[in-house]
Amino acid sequence: MDIGTLQAYAYFGFTAFLVVVLYSYIYHLYSAQKKGTRDYEKYGNIALNDEITDQPIEAISKNDEIK
Amino acid sequence: MENRPLEYDYTVAKWFMLVTVVLGIVGMLVGVILAWQMAFPGVNLMLGEGLAEYTNFSRLRPLHTDSVIFGFTLSGIWATWYYVGQRVLKVSMAESKFLMFLAKLHFFVYLLVVVAVVGTLLLGISTGKEYADFEWPIDIAVVVVWVLWGMGLFGLIGIRREKSLYISIWYYIATFLGIAMLYLFNNMEIPTYFASGGIGNWYHSVSMYSGTNDALVQWWYGHNAVAFGFTVPIVAMIYYFLPKESGQAVYSYKLSLLAFWGLMFVYLWAGGHHLIYSTVPDWMQTMGSVFSVVLILPSWGSAINMLLTMKGEWQQVAASPLIKFMILASTFYMFSTLEGPIQAIKSVNALAHFTDWIVGHVHDGVLGWVAFMIMAALFHMAPRVYKREIYSKSLMNTQFWVQTLGVVLYFTSMWIAGITQGMMWRAHDEFGNLAYSFIDTVAVLHPYFTIRAVGGTLYLVGMFLFAYNMYKTMTSARRVEESELQNASPMGA
Chain A
10 MDIGTLQAYA YFGFTAFLVV VLYSYIYHLY SAQKKGTRDY EKYGNIALND
60 EITDQPIEAI SKNDEIK
Chain R
12 MENRPLEYDY TVAKWFMLVT VVLGIVGMLV GVILAWQMAF PGVNLMLGEG
62 LAEYTNFSRL RPLHTDSVIF GFTLSGIWAT WYYVGQRVLK VSMAESKFLM
112 FLAKLHFFVY LLVVVAVVGT LLLGISTGKE YADFEWPIDI AVVVVWVLWG
162 MGLFGLIGIR REKSLYISIW YYIATFLGIA MLYLFNNMEI PTYFASGGIG
212 NWYHSVSMYS GTNDALVQWW YGHNAVAFGF TVPIVAMIYY FLPKESGQAV
262 YSYKLSLLAF WGLMFVYLWA GGHHLIYSTV PDWMQTMGSV FSVVLILPSW
312 GSAINMLLTM KGEWQQVAAS PLIKFMILAS TFYMFSTLEG PIQAIKSVNA
362 LAHFTDWIVG HVHDGVLGWV AFMIMAALFH MAPRVYKREI YSKSLMNTQF
412 WVQTLGVVLY FTSMWIAGIT QGMMWRAHDE FGNLAYSFID TVAVLHPYFT
462 IRAVGGTLYL VGMFLFAYNM YKTMTSARRV EESELQNASP MGA
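First to last, the protein sequences are chains A and R.
Start counting the first sequence at 10; every next residue gets the next number (the numbering used here).
Start counting the second sequence at 12; every next residue gets the next number (the numbering used here).
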């Protein structure tokens, strides 16, 4: 097997691997939302509640959390 | 010390907004001159024989492409970054003197690069690589500008209050990383003066690649400059501005994440479609073709997400010219991301390649999607950064229809011209002799070139209306209170 053929198989394999990763990600997104482990849709509100005085949707420091 | 409440600081955003408008007019004015030159070659001599060197098509063409891509679009991207970045990360530029300094430095070094680019291109100093025309000293300055932006971008992310990065931020990061990689690799060049021990001009260079390799790297760059300059950052804008202006959260945040990774995964492999039927390996051409078709999915993922964001709120499209601009932008995005893959199919490409259909495709994307979205973003930002309502809603509406008509005339004339051209080039008699010579096609295409020039002129007229509206908004429109700036932008009659 020459290097070109090897590259082609490696390329195909890598592409297939990335496709699996992408589909797993889709599955993860929707199952996490369904099981309630993570609500992805709430992040859409980051654009709407974006005044500097607004509470962060998910604060990085405890001080900014909703009291 | 004065104890004022913390506010977002839009100083640098305002500067970039101004440059966006100015360079938009410059880029499109040059484009319109070129379009009239194509229809009436005498326009090449519009300033007389003596200045023909500076006014001919070949001297002006890179100025048009570069001022629209690296002038209008890039400064539009940065204007929105210095606005959206602060808001979705919930941190003000005023909170870090260092980031503010970086942002201002970013702006001024960028302006220097703009001056250098315009000057050198007008003087005919160019590497001759499409969309990578700048000589090495300018390339180094471009890298400095990019690094300054990157430091500011990651710096602001570093001091954010909002833990999760909103989808637009992902797209801005991808713009930064994508262009950094593409620009560095495609602009690898050898300064001939230094390599040869003092021959020729000090600023001259040749590409480090040659032949087919050069073509491959060039189109990997060229197509992905479209990806990371004309698609990714514009998607970043629409994901913020459409939900914000309409008051509707993005329809599906999960779909936005999915479309993001899909786009990142697929786009980088599609550039090979520029080299179909050339000397690059056949498998690479096929890969470029296949990935281009797959690219419809993530592109439409974002575009449909935007249209669905308006679900139940379609009356806003009729009521607000600002939403109209964004919905039309999103529709043109769907349209050109379907047209592109069709052109990348090998059999279609055999007809379309090198014809005006390609020029039409680029322009329905840039005029319909990129420029409409950037102008909508600037319209949304204006009342918030100047604390004044948008000067005139009716002027906005007029601009919308004048420019929409302009784009439609542009792409329809180029479709007809391109397909006619392709058919005439390949037509032959029963013995295989070509049926037409090149000049036959030029004569047939003349009316379509004229229609294109009219379309371009209408779009430019719209740009002047936009500039006037923005100027009046900045200087004399009614002042507004913070409470009027929640969602729909306030507009004067």
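Quick reminder that beta carbons are idealized off the backbone N, C-alpha and C, glycines included.
Keep in mind that this is a model prediction, so the values were computed, not measured.
- Take the alpha-carbon of methionine 275 of chain R and the one of serine 310 of chain R: they are about 11 Å apart.
- Annotated three-state conformation of alanine 504 of chain R is coil, per DSSP.
- Counting only runs of 4+ residues, the alpha helix (DSSP H) found wholly inside the segment 137-176 of chain R occupies 147-169, in chain order.
- Taking 7 Å as the threshold, the shortest C-beta distance from serine 137 of chain R to chain A does not fall below it.
- Within chain A, no C-beta atom comes less than 8 Å from the C-beta of proline 148 of chain R; the nearest is roughly 37 Å away.
- Between threonine 290 of chain R and threonine 242 of chain R, the CB-CB gap reaches or exceeds 7 Å.
- Beta-bridge analysis with DSSP links alanine 68 of chain A to R:Glu173.
- Between alanine 247 of chain R and valine 304 of chain R, the beta carbon gap of about 25 Å keeps them out of contact (Cβ cut-off 8 Å).
- Close to tryptophan 272 of chain R, with beta-carbon spacing below 7 Å, are these residues of chain A in chain order: Leu31, Tyr34.
- Annotation: Cβ neighbours of leucine 27 of chain A in chain R (cutoff 8 Å, chain order): Phe276.
- Under DSSP, no beta-bridge partner is assigned to serine 303 of chain R.
- Contacts with chain R at 7 Å (Cβ-Cβ) do not include isoleucine 12 of chain A.
- With a threshold of 7 Å between beta carbons, tyrosine 94 of chain R makes no contact with chain A.
- Interface flag for valine 99 of chain R against chain A is set, since a Cβ pair is found closer than 7 Å.
- For serine 216 of chain R, there is no enclosing alpha helix (DSSP H); the enclosing beta strand (DSSP E) covers residues 216-218.
- Contact between the segment 438-452 of chain R and the segment 494-501 of chain R is absent, with fewer than three C-beta pairs closer than 8 Å.
- Taking a contact as a CB-CB distance under 8 Å, the pair tyrosine 194 of chain R and proline 244 of chain R does not count as one, their CB atoms being some 14 Å apart.
- Between tryptophan 325 of chain R and glycine 282 of chain R the beta-carbon gap is near 37 Å, outside 8 Å, which marks them as no contact.
- Around the beta carbon of valine 124 of chain R, 16 or more other beta carbons sit within 10 angstroms, so the residue counts as buried.
- Neighbourhood of tyrosine 264 of chain R in chain A, by CB distance below 7 Å: Tyr49, Glu50, Tyr52, Gly53, in chain order.
- Using beta-carbon distances, alanine 19 of chain A does not count as an interface residue toward chain R, since no partner is under 7 Å.
- Put simply, the CB of glutamate 492 of chain R is far from chain A, with every gap to its CB atoms at 7 Å or more.
- Taking a Cβ-Cβ threshold of 7 Å, the residues of chain R close to glutamine 42 of chain A are Lys265, in chain order.
- From the beta-carbon of leucine 38 of chain A, the residues of chain R found nearer than 8 Å are Lys265, Leu268, Leu269.
- According to the DSSP assignment, proline 202 of chain R belongs to the beta strand (DSSP E) that extends over 200-202.
- With a contact defined as Cβ atoms closer than 8 Å, proline 65 of chain A and lysine 174 of chain R qualify at about 7 Å.
- Beyond the five residues adjoining it in sequence on each side, isoleucine 334 of chain R comes within less than 7 Å, by CB distance, of Glu256, Ser257, Gln327, Val328 in the same chain, given in chain order.
- Counting only runs of at least 4 residues, the segment 53-130 of chain R fully encloses the following alpha helix (DSSP H) elements, listed from N- to C-terminal order: 63-66, 68-77, 85-100.
- The Cβ-Cβ distance between leucine 34 of chain R and leucine 71 of chain R does not fall below 7 Å.
- Going by DSSP, methionine 28 of chain R is part of the alpha helix (DSSP H) stretching over 22-50.
- Nearest neighbour of methionine 485 of chain R by Cα position, chosen from R:Ser403, R:Gly473, R:Leu339, turns out to be R:Ser403.
- By DSSP's assignment, leucine 445 of chain R forms a beta bridge with R:His439.
- Ranked by Cα distance from leucine 406 of chain R, the options R:Pro292, R:Val54, R:Lys140, R:Phe477 are led by R:Phe477.
- Here phenylalanine 119 of chain R is not near glycine 189 of chain R, since their CB atoms are 7 Å or more apart.
- With its beta carbon less than 7 Å from one in chain A, leucine 17 of chain R belongs to the interface.
- In the three-state reduction of the DSSP assignment, isoleucine 210 of chain R falls in the coil class, being assigned neither a helical nor a strand state.
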